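Only one structure is covered here, and it is reproduced in the block below.
Residue numbers (this note's numbering): 24 to 218.
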């Protein structure tokens with residue numbers, strides 16, 4: 024029989040022995056270093072620009088690389104992440120069977136090719152048999168799996184993470200060099216007038 028632990032037996036910071044963390048399932052944890060915001064991951068960094076989309080941030084890093092900047096000291100950081108699930112269409116038992124048949128056909132083709140290599144006879148028949156059997160089993164499993172959901176998910180979708188903003192950050196020691204290069208990137212090329 025277990026007895027409830029008293030409040031005084033629980034671990035709290037500031038108690039005798041409170042400078043150490045209680046051990047957990049993975050063992051005894053170490054306290055966070057620095058300001059407690061997380062582990063130190065290298066030298067300090069500086070944000071040299073923020074962009075509304077990833078291609079713009081990628082263009083900046085590509086420009087730095089083209090100008091012989093040590094891009095191994097840069098990173099693109101997405102902030103304000105949003106999970107977007109795009110609904111692609113309605114899922115019926117027939118469509119689930121069709122998708123399953125396609126997947127099964129690929130697997131059956133692979134198995135048929137594998138067995139066909141070691142067959143002394145008609146290897147094309149072995150490959151075709153693997154493809155057909157894989158498609159049939161895939162269709163059956165696809166339909167059964169969809170039927171087992173009980174109509175709780177009658178649609179197909181694709182999930183993606185999107186960031187609201189993309190920051191290009193550089194190690195602090197290279198920040199001035201990166202800013203100078205970016206200043207040249209945004210300056211329009213001089214035009215020559217004919218006189």
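Backbone N, C-alpha and C fix where the C-beta goes; we use that ideal spot for every residue, glycine too.
This one's a predicted model, so the numbers in the text were calculated from it and none came from an experiment.
Would DSSP call residue i helix, strand or coil?
{"i": "residue 164", "result": "helix"}
{"i": "residue 82", "result": "helix"}
{"i": "residue 213", "result": "Residue placement at residue 213 is flagged as unreliable, the pLDDT there being 42, under the threshold of 50; a coordinate-derived value is accordingly withheld."}
{"i": "residue 194", "result": "strand"}
{"i": "residue 117", "result": "helix"}
{"i": "residue 174", "result": "coil"}
{"i": "residue 144", "result": "coil"}
{"i": "residue 91", "result": "coil"}
{"i": "residue 65", "result": "coil"}
{"i": "residue 59", "result": "Residue placement at residue 59 is flagged as unreliable, the pLDDT there being 47, under the threshold of 50; the coordinate-derived value follows with that caveat. In the structure shown, residue 59 sits in coil (DSSP, three-state: anything other than H, G, I, E or B)."}
{"i": "residue 205", "result": "helix"}
Rounded C-beta distance between residue i and residue j? I'm assuming under 8 angstroms.
{"i": "residue 179", "j": "residue 121", "result": "Between residue 121 and residue 179 the Cβ distance is about 11 angstroms, and since that is not below 8 angstroms, they are no contact."}
{"i": "residue 183", "j": "residue 94", "result": "So it is not a contact: roughly 26 angstroms between Cβ atoms."}
Do residue j and residue i have their beta-carbon atoms positioned less than 8 angstroms apart in this structure?
{"i": "residue 192", "j": "residue 88", "result": "no"}
{"i": "residue 131", "j": "residue 157", "result": "yes"}
{"i": "residue 162", "j": "residue 123", "result": "yes"}
{"i": "residue 79", "j": "residue 188", "result": "no"}
{"i": "residue 181", "j": "residue 109", "result": "yes"}
{"i": "residue 170", "j": "residue 115", "result": "no"}
{"i": "residue 125", "j": "residue 160", "result": "no"}
{"i": "residue 200", "j": "residue 92", "result": "yes"}
{"i": "residue 177", "j": "residue 113", "result": "yes"}
Between residue i and the rest of its own chain, which residues show a CB-CB distance below 8 angstroms, the 5 nearest in sequence each way excluded?
{"i": "residue 65", "result": "194"}
{"i": "residue 147", "result": "139"}
{"i": "residue 206", "result": "none"}
Go through its chain and collect everything with a Cβ distance to residue i's Cβ below 7 angstroms, but skip five positions before and after it.
{"i": "residue 202", "result": "71"}
{"i": "residue 152", "result": "135"}
{"i": "residue 96", "result": "193, 194, 197"}
{"i": "residue 68", "result": "192, 193, 194, 195"}
Could you name the residues of the same chain whose beta carbon sits closer than 6 angstroms to that of residue i, not counting the 5 residues immediately before and after it, in chain order?
{"i": "residue 190", "result": "70, 73, 100"}
{"i": "residue 61", "result": "Reliability fails at residue 61, whose pLDDT of 43 lies under 50, so the model's placement of it is uncertain and the value that follows must be treated cautiously. Cβ within range, chain order: n/a, list empty."}
{"i": "residue 85", "result": "none"}
{"i": "residue 137", "result": "none"}
{"i": "residue 142", "result": "149"}
{"i": "residue 166", "result": "116, 119, 120"}
{"i": "residue 208", "result": "86"}
{"i": "residue 104", "result": "184, 186"}
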